[in-house]
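The structure under discussion appears below in the form of structure tokens.
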Amino acid sequence: MTELSVHEVRAAQLRIQPHVHRTPVITCRHLDRLTGRQLFFKAENLQKTGSFKARGACNAVFAIKERRPDVPGIVTHSSGNHGQATAYAAALAGLPCTVVVPRDTAAVKVDAIRAYGAHVLLCEPTVDARYVAEGTVAPPPNGSEADGGAVAQWAAAVRHCGGTLSVHWVMATPIDTLQLTASSHRVATRPSV
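Residues in the sequence shown are numbered from 3 upward in steps of one, following our numbering.
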């Protein structure tokens, strides 16, 4: 895993700024009373596409397009928010997008991915099936996540956007301690990435 630099976080912030919301920081008196602390929550559920994943996807797609202006398109796999965010970012970048989706994914998620303009390719509901399906669309080397180099670049671009979240948070709220909780299907299924 590569270290995050202030320069890279700032570049990510500038890259995504026109395409994402500056979401509010909110509080909850009830939780403050329960914890004996003042808690702040960044309402990323109000972000474009409904989750923080729009930040990472926009940064990753635009960074790939900067490095490879001739990239033919974006291929990823997801059962929801990441697919929607990637489809959104690819549409903004004027790139075709294919999202490999497990057959058992909720129809509302599949419909949302399609609504952002992506082609949906259904596969069996296993991690291996996702990677096999990705490879049929865009065999390496390419701009897809199936290419090991692109995976590392994609993961780094997404991490840089965690930094942009922190920057927005600190600018909006005087805080002593910042504890971030993040989840990622990729980390859960491919911890080496």
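Backbone N, C-alpha and C fix where the C-beta goes; we use that ideal spot for every residue, glycine too.
All of these numbers come straight from a predicted model, not from anything done at the bench.
Contact defined as beta carbons within less than 8 Å: I believe residue i pairs with residue j. What is the distance between those atoms, to the nearest angstrom?
i, j, result
"residue 80", "residue 101", "6 Å"
"residue 95", "residue 118", "That pair is no contact at about 12 Å."
Could you compute how far the alpha carbon of residue i sits from the alpha carbon of residue j?
i, j, result
"residue 73", "residue 48", "30 Å"
"residue 44", "residue 13", "21 Å"
"residue 131", "residue 8", "37 Å"
"residue 126", "residue 105", "6 Å"
"residue 136", "residue 120", "14 Å"
"residue 53", "residue 25", "10 Å"
"residue 35", "residue 27", "18 Å"
"residue 128", "residue 38", "43 Å"
"residue 107", "residue 82", "8 Å"
"residue 29", "residue 42", "5 Å"
Which same chain residues end up closer than 6 Å to residue i when comparing Cβ atoms and leaving out the 5 residues on each side of it in sequence?
i, result
"residue 139", "77 and 100"
"residue 91", "59, 60 and 63"
"residue 84", "55"
"residue 51", "86, 87 and 90"
In the DSSP output, which residue or residues are listed as bridge partners for residue i?
i, result
"residue 99", "76"
"residue 123", "102"
Taking the beta strand (DSSP E) that residue i belongs to, which residues open and close that run?
i, result
"residue 43", "42-44"
"residue 29", "27-29"
"residue 129", "Counting along the chain, residue 129 falls outside any beta strand (DSSP E), though it belongs to the alpha helix (DSSP H) covering 129-139."
Check for me: the alpha helix (DSSP H) holding residue i runs from which residue to which?
i, result
"residue 16", "8-18"
"residue 110", "109-117"
"residue 69", "55-69"
Who are the near neighbours of residue i in its chain, counting only those whose CB is closer than 7 Å to its CB and skipping five residues on each side?
i, result
"residue 122", "101, 103, 112, 115 and 116"
If I measure Cβ to Cβ from residue i and keep anything under 8 Å in the same chain, skipping five residues before and after, which residues do I get?
i, result
"residue 22", "49, 50, 56, 57 and 60"
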